[in-house]
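Structure first, then comments.
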Amino acid sequence: MIYHVLTRKTPYEPKSRSGRPRVTDIRSDRQIQRMASSQKMSVREITVASRLQISNTVHRRTIESYYMIHSKMARRLPLSKLHISNRLQWARNHTSYGDKWMALLFSDERKWNLDGPDGNIKYWHALRKEPRSFFSRQNGGGSVMVWAAFSFNGQVGLAFLDG
Numbered sequence: 117m118i119y120h121v122l123t124r125k126t127p128y129e130p131k132s133r134s135g136r137p138r139v140t141d142i143r144s145d146r147q148i149q150r151m152a153s154s155q156k157m158s159v160r161e162i163t164v165a166s167r168l169q170i171s172n173t174v175h176r177r178t179i180e181s182y183y184m185i186h187s188k189m190a191r192r193l194p195l196s197k198l199h200i201s202n203r204l205q206w207a208r209n210h211t212s213y214g215d216k217w218m219a220l221l222f223s224d225e226r227k228w229n230l231d232g233p234d235g236n237i238k239y240w241h242a243l244r245k246e247p248r249s250f251f252s253r254q255n256g257g258g259s260v261m262v263w264a265a266f267s268f269n270g271q272v273g274l275a276f277l278d279g
């Protein structure tokens, strides 16, 4: 096969691409990819900000072709390396707690917002980068607060809290 290509009298030329021509060039693709990976923007916002005369669907296809997925942003505290090392040290100190675990009571409370989704933030996540997270402190709005606890001896039922 290679011999036939090399000994051919006419020069080798690849076939022209069949199908519909591309709407965007490589430079526009990189611009769209940078906007999606660096900012929390929807496809519609990227379409408006890029000022390219192409549809939302083309923008979405371009973003997805650059190894990006549309995912929900995790809600968690911004832990520093000091926080992480302190938590690990506490866990190591308490692994051999023995019978003292029977005297402990673990409790937690949870607040649910009634006036809309809390923390339903989505973004375009580049699979080559670390996932993003957010943390927000919000006051007011309709909400329900509950409290529960458990220990070695069993669990305490839910308590609805006022205020």
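Going by the working numbering, the final residue of the sequence shown carries number 279, and the count climbs one at a time with no gaps.
Backbone N, C-alpha and C define an ideal beta-carbon position, used for all residues, glycine too.
Cβ distance (whole Å) where residue i is taken to contact residue j below 8 Å
i	j	result
residue 249	residue 152	No, residue 249 and residue 152 are not in contact; Cβ-Cβ is about 18 Å, not under 8 Å.
residue 186	residue 125	The pair is not a contact, with the Cβ atoms about 53 Å apart (cut-off 8 Å).
Beta-carbon contacts of residue i that lie in its chain and below 6 Å, excluding the five residues immediately before and after
i	result
residue 149	182
residue 265	221, 223 and 272
Alpha-carbon to alpha-carbon, residue j and residue i
i	j	result
residue 164	residue 176	13 Å
residue 223	residue 158	39 Å
residue 242	residue 145	14 Å
residue 119	residue 154	50 Å
residue 147	residue 166	8 Å
residue 192	residue 201	17 Å
residue 174	residue 213	59 Å
residue 140	residue 206	54 Å
residue 138	residue 197	46 Å
Residues near residue i by beta carbon distance below 7 Å, same chain, minus five either side
i	result
residue 218	268
residue 240	152, 153, 179, 184 and 186
Per DSSP, the bridge partner or partners of residue i
i	result
residue 277	261
residue 227	261
residue 222	266
residue 121	Paired residue(s): none; residue 121 is not in a bridge.
residue 240	186
residue 134	According to DSSP, residue 134 bridges with nothing at all.
8 Å CB neighbourhood of residue i in its chain, flanking five on each side removed
i	result
residue 275	262, 263 and 264
residue 171	163
Please give me, in chain order, every unbroken run of the alpha helix (DSSP H) with length at least 4 that falls completely inside the stretch 140-215. 142-154, 159-166, 172-181 and 197-209
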